[in-house]
Amino acid sequence: MRDHLRAAVKDPLAFGKILWPDVEFYSKQREIVWSVERNDETVVPAGNQLGKDFVAAFIVLTFFLRKHPCKIITTSATDKHLDTLWGEIDRFIRTSALPLTQDRGGPLVYNHRYLTKVVGGKAQRDVFVRGVVASNENKGEGLSGHHSKHTLFVVDEASGVADVAYTMAQGWAKRMLIIG
Numbered sequence: 034m035r036d037h038l039r040a041a042v043k044d045p046l047a048f049g050k051i052l053w054p055d056v057e058f059y060s061k062q063r064e065i066v067w068s069v070e071r072n073d074e075t076v077v078p079a080g081n082q083l084g085k086d087f088v089a090a091f092i093v094l095t096f097f098l099r100k101h102p103c104k105i106i107t108t109s110a111t112d113k114h115l116d117t118l119w120g121e122i123d124r125f126i127r128t129s130a131l132p133l134t135q136d137r138g139g140p141l142v143y144n145h146r147y148l149t150k151v152v153g154g155k156a157q158r159d160v161f162v163r164g165v166v167a168s169n170e171n172k173g174e175g176l177s178g179h180h181s182k183h184t185l186f187v188v189d190e191a192s193g194v195a196d197v198a199y200t201m202a203q204g205w206a207k208r209m210l211i212i213g
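Quick note on numbering: the sequence shown equals residues 34 to 213 in my numbering.
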């Protein structure tokens, strides 16, 4: 059993099957998952009803659960767009075959657009997933300095996000998922 779990931790789709056995991805979504796993930067073209937020939410959660320590910043141009991504994250958390939130016996503490892990009975302050709106009025505040062993920057509706967000993340993000 331990060998099976070790293998699943290295394979995001196998890991996801343990938590969401009924979730199926089409070929392009699987390509996105593996691209984020293997490449520094993954860019997904814009399009409607393609399941980009769905697969991005899956990537965020499986990346965060499989890697430690880990910091993930998700951003978008507006609250509405960020709410769509976090709505998918919320759905994955609620529908997992195994409990994910601490109140149900899982490792995650979840608060609106913020996740952290409990490891060894202690909440990890420097291990998180955070949702931050990248408004065009700011100069990248909140998008810099998130250094950790494992980092991921997820930009949804990237065409509406100022270039400064991308520039700030380049200083710390080891992986980037740029959508639209």
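Each residue gets a CB set at the ideal place from its N, CA and C atoms; glycine is no exception. The structure displayed is predicted, hence computed values, not measured ones.
Please identify the residue among the options whose C-alpha is closest to the C-alpha of residue i.
i	options	result
Trp119	Val88, Gly49 and Val197	Val88
Ser192	Gly204, Gln203, Ile211 and Ser181	Ile211
Asp116	Thr149, Val166 and Asp73	Val166
Pro78	Lys61, Gly138, Ala195 and Arg99	Lys61
Arg99	Gly80, Val197, Leu185 and Asp196	Leu185
Thr108	Met209, Val187, Ile126 and Gly139	Val187
Asn144	Pro132, Phe161 and Gly138	Phe161
Quick check on residue i: does DSSP put it in helix, strand or coil?
i	result
Gln157	strand
Arg146	coil
Val187	strand
Gly164	strand
Gly213	coil
Val194	coil
Ile122	helix
Leu46	helix
For residue i, count the other beta carbons within 10 Å of its own beta carbon; 16 or more makes it buried, fewer makes it exposed. Which is it?
i	result
Val152	exposed
Thr128	exposed
Tyr59	exposed
Gln203	exposed
Thr75	buried
Gly213	buried
Leu94	buried
Val194	buried
Thr149	buried
Thr200	exposed
Lys104	buried
Is residue j closer than 8 Å to residue i when the C-beta atoms are compared?
i	j	result
Ile106	Val69	no
Asp189	Asp86	yes
Leu83	Arg63	no
Val42	Gly49	no
His183	Lys207	yes
Leu52	Ala110	no
Exercise. Would you list, in sequence order, the uninterrupted beta strand (DSSP E) runs of no fewer than 3 residues that lie entirely inside the region 82-115?
Key: 103-109
Practice problem: Any chance you could list the beta strand (DSSP E) runs of at least 3 consecutive residues sitting entirely within the region 48-86, in chain order? | Solution: 74-77
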